[in-house]
C-alpha cells in the first residue's frame, strides 16, 4: 500500500467567507467567551510534519496510528478527520478563557493565537506534527454581543469624559490658587515698600487747605472759623498744620 504524506508546510483555513477555506459556506469557529458571549472566528493554522530522513519510521508510526483516518483521500482525509477538530477545539478553548472585550482587542487575538498554538503542539508533537502558526484573521460578534460591546464602549467613554472634566477642574482650581497667592505676595511687597517717612508724606499730602479770613481761629474738629477782633482782609489762605 502506497500512501503519500507531505512534509512541506500546509495551511488549513476556516473562515466565514464561503469563497475561501477548506469548506464552502460559513466555516468560522464559533466560540463562547468567558463573558458568555458568542463570537465567530476566522482562523488559519499552518503546520508541517517533522520528517527526519534518519527516522523514517516516525511517519510510518503516524500512518499506523491513524490508519482509519487516511481512508479515502489519504492525507487530506487525515487532515479533515483528525486535525480539523483539534484546530477548532483549541482555538475555541483559547477564546473561552477571555472576556469578550479582551478577545476583541489586538492583544487578545495575539494571546489566543499563541495559546492555541502551544496547546496544539502539546497534543501533536508526539506524532511528529509541528504547529508553526495559528492566525486569528477576523472576529464576528453576533447581534447580542454587538449590543453588549456598544454598552461597554459608551460606559468607557463616559468614564473617560468624567475623568477629563475632573482633571480640567483641578487645573482651573490650581490656577485660581496660584493667582490668589501671587496677589497676596504683591500686597506684601507693596506694604514692605512703605517706609514711615513715605507714610508721613502721604498723610501730609491728604491734608485739606482752606481759606479763612485773616485773624480767624480755626478749632480742630470744627468746620466754622471764629472771627477775631481787628481781623484784616478776608480770603487770605492759611495752611492747617498737622499735629506733631
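Residue numbers (our numbering): 14 to 257. Cβ coordinates follow ideal geometry from the N, Cα and C atoms, glycine included. This structure is a prediction, so every number in the text was calculated from the model and none was measured.
What's the gap between the Cα of residue i and the Cα of residue j?
i           : j           : result
residue 56  : residue 122 : 10 angstroms
residue 176 : residue 110 : 30 angstroms
residue 120 : residue 136 : 25 angstroms
residue 93  : residue 99  : 10 angstroms
residue 51  : residue 117 : 12 angstroms
residue 68  : residue 88  : 20 angstroms
residue 5   : residue 164 : Past the edges of the chain, shown from 14 to 257, lies residue 5, and the structure says nothing about it.
residue 182 : residue 60  : 57 angstroms
residue 62  : residue 160 : 43 angstroms
residue 86  : residue 44  : 29 angstroms
residue 15  : residue 96  : 21 angstroms
residue 296 : residue 199 : The structure shown does not extend to residue 296, since the chain is modelled only from 14 to 257, so the question has no answer here.
With DSSP collapsed to three states, give me the class of residue i.
i           : result
residue 25  : strand
residue 79  : coil
residue 151 : strand
residue 36  : coil
residue 16  : coil
residue 57  : strand
residue 45  : strand
residue 145 : strand
residue 257 : Since pLDDT at residue 257 reaches only 47, below the 50 mark, its modelled position is unreliable, and no value is offered.
When burial is assigned at 16 or more other CB atoms within 10 Å of the CB, is residue i buried or exposed?
i           : result
residue 155 : exposed
residue 113 : buried
residue 20  : exposed
residue 104 : buried
residue 145 : exposed
residue 248 : Confidence at residue 248 is low in this model, with a pLDDT of 47, below 50, so its placement is unreliable and no value can be given for it.
residue 245 : Confidence is the limiting factor: at residue 245 the pLDDT is only 45, short of 50, which leaves the residue's position unreliable and the question unanswerable from this model.
residue 41  : buried
residue 201 : exposed
residue 173 : exposed
residue 158 : buried
Compare the Cα-Cα distances from residue i to each of the options and report the closest residue.
i           : options             : result
residue 66  : 38, 88 and 141      : 141
residue 35  : 24, 201, 43 and 45  : 24
residue 138 : 72, 186, 172 and 89 : 72
residue 107 : 189, 46 and 64      : 46
residue 39  : 17, 84 and 26       : 26
For the ligand COA, is there any heavy atom lying closer than 8 angstroms to the beta carbon of residue i?
i          : result
residue 59 : Ligands are entirely absent from the displayed structure, and the ligand COA is therefore not among its contents.
(message) Count Cβ pairs between the stretch 122 to 133 and the stretch 22 to 41 that sit closer than 8 angstroms; are there 3 or more?
(response) no
(message) Taking contact to mean 3 or more Cβ pairs, one atom from each stretch, closer than 8 angstroms, check whether the stretch 40 to 58 and the stretch 134 to 150 are in contact.
(response) yes
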